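A.B. asks: So that we are looking at the same thing, I have put the structure below in structure tokens.
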Amino acid sequence: MAILLGNRVSIRGFSTVAAALLMACGSSALPDPAAPEGSASPQPSSSGPSTAPTNTAPAPEPKDASVVDAAPPPKVLKFVAMGDTGKGNEGQRKVADAVDAKCKASGCDFVQLLGDNIYDSGVDSVDDPLLQSRFEQPYAKINLPFWIVLGNHDYGGNGAGTSFGKGQNEVDYTAKSTKWKLPSNFWHRTQEHVEMIGLDTNLIMFSQDQPQRTQVPQWIAAATSTWKLAFGHHPYLSNGPHGNAGRYEGIPGIPIVSGGSVKSFMDAHICGKVDFYICGHDHSTQWLEDNCGGTELIVAGAGAEGTELSSRNKSFFQTNVGSFVYIVIEGKRFTGELIDETGKVLYTRTIQKP
2 MAILLGNRVS
12 IRGFSTVAAA
22 LLMACGSSAL
32 PDPAAPEGSA
42 SPQPSSSGPS
52 TAPTNTAPAP
62 EPKDASVVDA
72 APPPKVLKFV
82 AMGDTGKGNE
92 GQRKVADAVD
102 AKCKASGCDF
112 VQLLGDNIYD
122 SGVDSVDDPL
132 LQSRFEQPYA
142 KINLPFWIVL
152 GNHDYGGNGA
162 GTSFGKGQNE
172 VDYTAKSTKW
182 KLPSNFWHRT
192 QEHVEMIGLD
202 TNLIMFSQDQ
212 PQRTQVPQWI
222 AAATSTWKLA
232 FGHHPYLSNG
242 PHGNAGRYEG
252 IPGIPIVSGG
262 SVKSFMDAHI
272 CGKVDFYICG
282 HDHSTQWLED
292 NCGGTELIVA
302 GAGAEGTELS
312 SRNKSFFQTN
322 VGSFVYIVIE
332 GKRFTGELID
342 ETGKVLYTRT
352 IQKP
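Residues 2 to 355 (the working numbering) are what the sequence shown spells out, left to right.
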């Protein structure tokens, strides 16, 4: 006997006749004679959609509106700035050791030298032994790029700066050294989110600066980086013996001596147009409170020795011990540490952009 229960079939004493009757009644659910009593294999209906299971993945749960995607980490640039280094003396070696220790402990992307790289009168060729004794050997342990700007001593004349072809020897040394980076007597480059401009202030002193007066404003105008920094040798303001541009050595009115050309260049092309101007020339480390058109001013010329300081300009901090500046630019935050030759942090200041 066959009992139809919805689309399930129970068969007892199944026979050919019963099967025929079921077929005649239109049933497509024939039981498996080997199946146990009271069970049957379900079959899809021919008159409706299939009910067979599928492999469709479940719909994703709605995103929690309170969860915010994490912002990418800010860009970071770390470097050392120091100038007037090329003495080959014990002071240079002490500062070099402190730079090496700081970079190993905290990280550095490069070192920026600020002119007077080789005392007393620059070099005569790319094979001049002074490049070994006053650059390669003192910094042998620091395996980083050293970016360079030129100072008055690099242009000869025992600091008079009047051997104008001599600076090219230091430019040419870039092709020979694995560390020394001076692609031209003045340059610009971008690293991470920072635009950097290297000036040749010795040629500016002597008003041989028309290429810089043309190109530097173009570079600054085209820059889209978060930060803009300019590096040079001669200061705009300084509490050291050389003093302020326009009154160098306390002598106003004679541009070649007083730095009047440096002041006019800075007023026209740097002040208020970059975030920082960092230089050397005076052998001290100063973070000036006075600025030029909002441009922060740092003197970092104590890379080998120190000279006396005055208080002619307001400063946040200044020292004439052997020292350097360690700079970290993280996103919109600039932090500078003034560090002495023993590795002691003497002063720290942070500037945050909105």
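Glycine included, each C-beta is placed from N, C-alpha and C at the ideal position.
Everything numeric in this text was worked out from a predicted model, so none of it was measured.
1. At what residue ranges does the stretch 139-227 contain a whole run of the alpha helix (DSSP H), taking only runs of 4 or more?
2. Determine the DSSP secondary structure at Arg350, reduced to helix, strand or coil.
3. Starting from Gln133, trace the beta strand (DSSP E) both ways and give me its first and last residue.
4. What does DSSP give as the partner residues of Arg334 in its beta bridges?
5. Cβ atoms of Gly116 and His234: under 7 Å apart, would you say?
6. Going by C-alpha distance, which of Ile279, Ala223, Tyr278, Ser311 is nearest Glu250?
7. Using C-beta distances below 7 Å, list every residue in its chain close to Val124, excluding the 5 sequence neighbours before and after it, in chain order.
8. Within the stretch 220-280, note down every full alpha helix (DSSP H) run reaching 4 residues or more, in order along the chain.
9. For the stretch 72-92 against the stretch 293-309, are there 3 or more C-beta pairs whose distance is under 8 Å?
10. Less than 6 Å between C-beta atoms, sequence neighbours within five positions excluded: which residues of the same chain meet that for Ala224?
11. In the DSSP output, what is Lys79 paired with across the bridge?
12. By the 10 Å Cβ neighbour count, where 16 or more other Cβ atoms means buried, how is Asn186 classified, buried or exposed?
13. Please return the same chain residues whose Cβ sits closer than 8 Å to the Cβ of Ile221, not counting the five positions on each side in sequence.
14. Can you give me the Cβ contacts of Ala246 inside the same chain, cut-off strictly under 7 Å, excluding the 5 residues immediately before and after it?
15. Between Gly344 and the rest of its own chain, which residues show a CB-CB distance below 7 Å, the 5 nearest in sequence each way excluded?
16. So, at 6 Å on beta carbons, what are the nonlocal neighbours of Val329 in its own chain, with the 5 sequence-adjacent residues on each side left out?
17. Cα separation between Val258 and Asn153?
18. Classify Cys109 as helix, strand or coil using the three-state DSSP reduction.
19. With distances taken Cα to Cα, identify the nearest neighbour of Glu306 among Arg214, Gln138, Glu91.
20. Give me the Cα-Cα distance between Val326 and Ala106, rounded to the nearest whole angstrom.
21. When burial is assigned at 16 or more other CB atoms within 10 Å of the CB, is Asn159 buried or exposed?
22. For the beta strand (DSSP E) that Leu289 lies in, which residues bound it at each end?
23. When you compare each of Ser164, Asn118, Gly241 to Trp148 by their alpha carbons, which one comes out closest?
24. Could you pull the DSSP bridge partners for Thr308 from this structure?
25. Using the Cβ count rule (16 or more neighbours within 10 Å means buried), how would you classify Pro32?
26. Output the distance between the C-alpha atoms of Val217 and Ile279, rounded to the nearest integer angstrom.
27. Among residues of its own chain, excluding the 5 on either side of Pro146, which ones have a beta-carbon nearer than 7 Å to its beta-carbon?
28. Any idea if Glu297 is buried or exposed, counting beta-carbon neighbours within 10 angstroms, 16 or more meaning buried?
29. From the DSSP output, which residues share a beta bridge with Ala1?
30. With distances taken Cα to Cα, identify the nearest neighbour of Thr202 among Tyr140, Pro253, Pro184, Gly281.
31. Where does the unbroken beta strand (DSSP E) through Ser316 begin, and where does it stop?
32. Helix or strand or just coil, what does DSSP make of Asp341?
33. Can you grab the Cα-Cα spacing for the pair Leu151 / Gln319, in whole Å?
C.D. replies: According to the structure shown:
1. 168-173, 202-206, 211-223
2. Position 349 of the sequence shown, counted from the start, is the residue given in the question as residue 350. The answer is strand: DSSP assigns Arg350 an E or B state.
3. For the purposes of this step, residue 133 is taken as residue 132 along the sequence shown, with counting starting at 1. Premise fails: Gln133 is in no beta strand (DSSP E) and is neither H nor E.
4. Taking the sequence shown and counting its residues from 1, one reaches residue 334 at position 333. DSSP, once it has assigned bridges, lists Glu331, Gln353 as partnering Arg334.
5. For the purposes of this step, residue 234 is taken as the residue at position 233 of the sequence shown. For the purposes of this step, residue 116 is taken as the residue at position 115 of the sequence shown. Cβ atoms of His234 and Gly116: closer than 7 Å.
6. The residue you call residue 250 lines up with position 249 of the sequence shown. Looking at the Cα atoms, Ser311 is the closest of the given residues.
7. Position 123 of the sequence shown, counted from the start, is the residue given in the question as residue 124. Excluding positions up to five away in sequence, the list reads Leu131, Leu132, Asn170, Glu171.
8. 256-259, 261-270
9. yes
10. Position 223 of the sequence shown, counting from 1, holds the residue named residue 224. Here the set comprises Glu196.
11. Within the sequence shown, the letter at position 78 stands for residue 79. Val329, per the DSSP bridge assignment.
12. Translated into positions along the sequence shown, residue 186 becomes position 185. Buried: at least 16 other Cβ atoms inside 10 Å.
13. Indexing the sequence shown from 1 puts residue 221 at position 220. The answer, listed in chain order, is Glu196, Ile198, Lys229, His270, Lys274, Val275.
14. Position 245 of the sequence shown, counted from the start, is the residue given in the question as residue 246. Within the same chain, Ala246 has close Cβ partners His235, Pro236, Tyr237, Gly260, Val263, Lys264, Met267.
15. Position 343 of the sequence shown, counted from the start, is the residue given in the question as residue 344. Ala99, Ala102, Lys103, listed in sequence order.
16. In the sequence shown, the residue the question calls residue 329 occupies position 328. Excluding sequence neighbours, Val329 sits near Lys79, Thr336.
17. Mapped onto the sequence shown, residue 258 falls at position 257. Mapped onto the sequence shown, residue 153 falls at position 152. Each residue's Cα considered, the two are about 12 Å apart.
18. Position 108 of the sequence shown, counted from the start, is the residue given in the question as residue 109. Three-state result, Cys109: coil.
19. Here residue 306 corresponds to residue number 305 of the sequence shown, with the count starting at 1. The candidate whose alpha carbon is nearest that of Glu306 is Glu91.
20. By one-based count along the sequence shown, residue 326 stands at place 325. By one-based count along the sequence shown, residue 106 stands at place 105. So the two alpha carbons sit approximately 15 Å from each other.
21. Taking the first residue of the sequence shown as 1, we reach residue 159 at position 158. Burial call: exposed.
22. Here the question's residue 289 lines up with position 288 in the sequence shown. Counting along the chain, the beta strand (DSSP E) containing Leu289 begins and ends at 286-289.
23. The residue given as residue 148 occupies position 147 in the sequence shown. Relative to Trp148, the option among Ser164, Asn118, Gly241 whose CA is nearest is Asn118.
24. Numbered from 1 along the sequence shown, position 307 holds the residue referred to as residue 308. Its beta-bridge partners do not exist; DSSP assigns none.
25. Position 31 of the sequence shown holds residue 32. Because the pLDDT of Pro32 is 40, which lies under 50, any placement of that residue in the model is unreliable, and the question is left without a value.
26. Within the sequence shown, the letter at position 216 stands for residue 217. Within the sequence shown, the letter at position 278 stands for residue 279. Roughly 16 Å between the two C-alpha positions.
27. Counting from one through the sequence shown, the residue named residue 146 turns up at place 145. Once the five neighbours on either side are set aside, the close Cβ partners of Pro146 are Phe111, Lys180, Lys182.
28. Your numbering for residue 297 matches position 296 in the sequence shown. Result: buried.
29. The structure shown does not extend to residue 1, since the chain is modelled only from 2 through 355, so no value can be given for it.
30. What you label residue 202 is simply residue 201 of the sequence shown in a count that begins at 1. Nearest of Tyr140, Pro253, Pro184, Gly281 to Thr202, Cα basis: Gly281.
31. Numbered from its first residue, the sequence shown carries residue 316 at position 315. Here the beta strand (DSSP E) through Ser316 covers 316-320.
32. Numbered from its first residue, the sequence shown carries residue 341 at position 340. Strand at Asp341.
33. Here residue 151 refers to the residue found at position 150 when the sequence shown is read from its first residue. Here residue 319 refers to the residue found at position 318 when the sequence shown is read from its first residue. Roughly 23 Å separates the two Cα atoms.
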